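Listed below in structure tokens is the structure:
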């Protein structure tokens with residue numbers, strides 16, 4: 001596939017990706033739905049009349065909304081038709097949008113847009129599905145013998161988060177004030193959190209028809225409710241969390257702000273990057289079982305950029321380290337009858353890899369403050385400092401290169417000889433999820 | 001005050017109450033905002049042009065909405081003006097609505113309406129603010145010595161709930177299926193919950209302008225964000241909760257459904273029933289301090305009505321047993337910077353009194369299943385059975401009677417001699433919060 005929009009092989013938004021987002025620009029402050037292609041945004045509100053397929057021809061109004069909820073509600077067959085239409089319209093072989101006058105009307109450079117939350121998030125849920133993360137935290141707080149609690153391998157542990165405080169990448173986050181207990185057994189104190197942390201996560205948006213209260217979506221059917229994925233930073237005040245969280249879970253330590261990347265990468269775009277689900281022992285209950293792949297090779301990185309302007313990559317993890325799949329998370333969310341709606345957001349929990357340089361939070365990377373991280377500007381961190389910017393990236397993956405090398409060794413050798421691979425490789429990226437930590441209010 | 005709408009002294013919806021709700025009827029399926037008066041609903045969408053005060057004359061559109069969110073957003077001065085306008089319009093001395101033709105257009109009998117959720121609930125939070133409830137649960141699960149966890153008297157413990165599964169009174173609730181651990185140390189099993197419970201709660205709707213992320217509302221200022229109150233049944237699957245809730249709190253055991261009464265009783269209507277806040281030791285941090293009264297004498301009752309049709313009142317509690325006030329809950333919710341929006345719902349947690357017949361859940365009333373309750377139809381309960389209907393009432397309070405007897409002893413004796421009290425007493429009620437437990441799905 002080749003688009004008339006030009007971009008390099010390094011581009012995160014080729015015609016094979018086509019993530020959805022909501023944007024505005026100075027020339028038009030109205031929030032509109034767009035698709036990222038190369039360094040441009042295709043304004044779907046300007047071309048909604050071109051969705052002429054059998055499913056969307058009388059649903060074009062969904063592209064005139066200020067968020068993606070109505071489009072998300074249509075379900076996978078409509079999402080596939082939209083993707084096919086967009087790939088056709090953006091193809092070098094199609095001239096519907098290539099005329100310079102048309103291009104000026106329907107494309108906006110990404111550098112000129114302001115991105116907004118892509119959906120009205122009805123409810124936000126955060127899971128705890130990375131086995132390395134759960135084990136690390138367990139070792140730190142309960143010791144090696146009791147690292148994983150008894151329920152952890154039987155169900156995807158999760159909790160309801162705060163949807164109002166989910167914000168789009170770029171929104172500054174203020175260091176919270178709250179109660180903490182610096183000395184065990186003494187009285188709590190009130191003041192700015194001293195242990196501010198990031199959590200490297202990936203979240204999915206729910207799509208399809210709303211379900212009814214009392215209804216369960218089985219894991220084997222849950223794929224039809226997964227629209228697409230974003231990067232997430234679940235900012236966490238560790239000292240506040242530790243004092244408040246018994247017995248009902250995290251609250252003020254988390255609802256201070258949760259950042260997501262603006263572009264939703266669809267399940268269809270991630271299809272080529274599927275990898276085997278993590279083996280599960282014990283075998284989960286039937287409602288949690290599914291035979292299809294729902295795990296993804298998404299390389300994840302976190303940078304800390306200090307006020308000096310120097311950025312240091314502090315961890316390299318991967319979505320594939322998830323123990324519980326999104327389909328299992330969604331099934332468990334609905335097993336007791338909880339109804340879900342398009343636009344709901346369900347997050348992975350911190351994604352940590354096996355090795356100490358792949359952990360997904362400062363808490364783990366610096367092992368409860370005992371191993372400071374050296375940054376490139378000469379400073380070091382145990383937790384975040386004021387004015388630090390945290391940048392999460394979903395790293396680009398060269399699909400053809402990867403697939404050929406590891407799965408079709410003979411073919412790749414042939415293709416390499418033909419000089420085919422590099423020219424035809426493409427990458428799918430998430431863009432980034434950024435946020436700067438502001439000092440606490442006085 | 002006297003209305004031209006006739007009702008008895010026992011009526012829960014006199015002119016002094018005027019709770020807001022959202023209704024429809026067979027003749028007009030559109031959801032409209034209404035006010036309960038006597039056994040009627042005054043349709044505010046039909047009289048929005050009569051809100052001619054300085055604050056509302058250009059905001060009449062808020063009464064044309066399908067929910068109360070826009071009205072809630074206006075803030076207390078506008079709520080007061082609306083109340084004054086309604087009391088004037090409904091007064092026996094005002095003939096604007098008394099003409100029979102007008103009455104037919106603007107009033108609908110309560111028995112003919114379907115009630116809906118009064119607001120679009122952005123986020124729902126459940127606190128845990130009754131000291132007797134927290135102590136009871138603590139004794140059952142941790143023993144008398146450690147009944148209250150160390151943080152409990154320092155902050156109003158709470159957790160984020162699921163807003164999608166909040167439903168209006170009358171909606172049936174299905175017994176959930178889920179994982180439980182019947183035998184400690186053995187493997188979990190999957191099936192219908194065996195320990196279904198109610199939780200007697202009262203919740204308030206947030207009003208006023210949305211706050212910004214990073215902003216804190218102090219307890220002393222929080223009253224301006226409290227619109228009004230409803231009764232709540234926080235249905236709970238105790239066996240599922242016990243297995244799932246470590247370490248991140250309740251999840252599937254609660255998101256199976258949460259019922260609220262349809263009529264929002266405003267802060268203004270509750271003003272006469274204010275009682276002293278519960279004494280707090282230790283003294284809370286300044287952000288949690290407020291000097292005004294924000295505790296209410298609201299008598300609460302729960303009936304269980306079995307399939308025989310016989311109802312038994314299983315508990316009599318009172319809102320006044322709350323340790324933390326709504327203003328303190330709201331302040332703690334925002335202390336780390338969490339933004340709140342009109343239409344958010346914040347619940348009290350189970351409200352238990354001191355004595356064993358005033359506990360707010362079956363878990364406590366039957367003390368973990370060890371003391372079954374005898375019902376009037378000859379059956380007994382440790383937890384809820386299929387087809388049981390749970391009915392929560394906010395019991396009517398005779399204001400004049402109460403106020404006179406306890407606060408103005410001399411005056412009341414004089415008034416009693418004049419036969420004044422009974423004729424002029426009035427009651428403010430919440431109506432009821434009902435829900436029937438359906439059997440689990442096969």
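Residue numbers (full-length UniProt numbering), protein chains in the order written: chain A, 1 to 442; chain B, 1 to 442.
We put the beta carbon where it would ideally sit given N, CA and C, even for glycine.
Because the structure is a prediction, the values reported are computed rather than measured.
Taking 7 Å as the cut-off, is the C-beta of residue i nearer than that to any heavy atom in the ligand SAH?
i	result
residue 166 of chain A	Of ligands this structure carries none, so the ligand SAH is not represented either.
Compare the C-beta of residue i with all C-beta atoms of chain A and state if any pair is closer than 8 Å.
i	result
residue 235 of chain B	no
residue 159 of chain B	yes
residue 485 of chain B	What is shown of chain B runs 1 to 442, which leaves residue 485 of chain B out entirely.
residue 99 of chain B	no
residue 336 of chain B	yes
residue 31 of chain B	no
residue 123 of chain B	yes
residue 178 of chain B	yes
residue 447 of chain B	Residue 447 of chain B lies beyond the range of chain B shown here (1 to 442); nothing can be said about it.
residue 444 of chain B	With chain B covering 1 to 442 only, the question about residue 444 of chain B has no answer from this structure.
residue 227 of chain B	no
residue 330 of chain B	no
residue 244 of chain B	yes
residue 449 of chain B	Chain B is shown only over 1 to 442; residue 449 of chain B falls outside these bounds and no answer can be derived.
residue 437 of chain B	no
Exposed or buried, what is residue i when buried is set at 16 or more other beta-carbons lying within 10 Å of its beta-carbon?
i	result
residue 183 of chain A	exposed
residue 422 of chain B	Residue placement at residue 422 of chain B is poorly supported in this model, since its pLDDT is 31, which falls under 50; the coordinates are not used for a value here.
residue 342 of chain B	buried
residue 145 of chain B	exposed
residue 161 of chain A	buried
residue 32 of chain A	buried
residue 285 of chain A	buried
residue 370 of chain B	exposed
residue 123 of chain A	buried
Give the C-beta separation of residue i and residue j to the nearest angstrom, bearing in mind that I take them to be a contact with Cβ-Cβ under 8 Å.
i	j	result
residue 128 of chain A	residue 50 of chain B	Actually they do not touch by this definition, with Cβ atoms about 53 Å apart.
residue 293 of chain B	residue 226 of chain B	Incorrect: roughly 13 Å between the Cβ atoms, too far for contact.
residue 428 of chain A	residue 270 of chain A	7 Å
residue 383 of chain A	residue 181 of chain A	So it is not a contact: roughly 17 Å between Cβ atoms.
residue 303 of chain B	residue 313 of chain B	5 Å
residue 153 of chain B	residue 282 of chain B	6 Å
residue 340 of chain B	residue 300 of chain B	Incorrect: roughly 26 Å between the Cβ atoms, too far for contact.
When DSSP builds the beta bridges, which residues end up paired with residue i?
i	result
residue 433 of chain A	A/392
residue 351 of chain A	Note: residue 351 of chain A sits in no beta bridge, so no partner.
residue 198 of chain B	Partner(s): none; residue 198 of chain B has no beta bridge.
residue 37 of chain A	A/40
residue 171 of chain A	Partner(s): none; residue 171 of chain A has no beta bridge.
residue 231 of chain B	B/202
residue 438 of chain A	A/174
residue 181 of chain A	Bridge partners of residue 181 of chain A: none, in fact.
residue 160 of chain A	A/125
residue 217 of chain A	BP columns for residue 217 of chain A are empty, so no partner.
residue 372 of chain B	Its beta-bridge partners do not exist; DSSP assigns none.
residue 301 of chain B	B/316 and B/393
For residue i, would you say it is in contact with chain B, using Cβ-to-Cβ distances shorter than 8 Å as the test?
i	result
residue 423 of chain A	Only weak support exists for where residue 423 of chain A lies, its pLDDT of 31 falling under 50; the coordinates are left without a value.
residue 375 of chain A	no
residue 13 of chain A	no
residue 381 of chain A	no
residue 174 of chain A	yes
residue 214 of chain A	yes
residue 285 of chain A	yes
residue 240 of chain A	yes
residue 442 of chain A	no
Residues from the stretch 126-155 of chain A in contact with chain B, defined by Cβ distance under 7 Å: Under the 7 Å Cβ criterion, the stretch 126-155 of chain A contributes 128, 149, 151, 154 and 155.
Positions along the stretch 251-276 of chain B whose CB lies within less than 8 Å of some CB in chain A: Against chain A - using a Cβ distance shorter than 8 Å - the residues of the stretch 251-276 of chain B are 251, 252, 253, 255, 256 and 257.
Residues of the stretch 177-208 of chain B whose Cβ lies closer than 7 Å to any Cβ of chain A, in chain order: Cβ contacts with chain A come from 177, 178, 179, 188 and 190.
Residues from the stretch 338-367 of chain A in contact with chain B, defined by Cβ distance under 8 Å: So the list reads 338, 339, 340, 341 and 344, given in the order they occur along the chain.
Short-range partners of chain A found in the UniProt domain "Fumarylacetoacetase N-terminal" (16-118) of chain B, where Cβ spacing is below 9 Å: Identification of residues in the UniProt domain "Fumarylacetoacetase N-terminal" (16-118) of chain B having a C-beta nearer than 9 Å to some C-beta of chain A yields an empty set.
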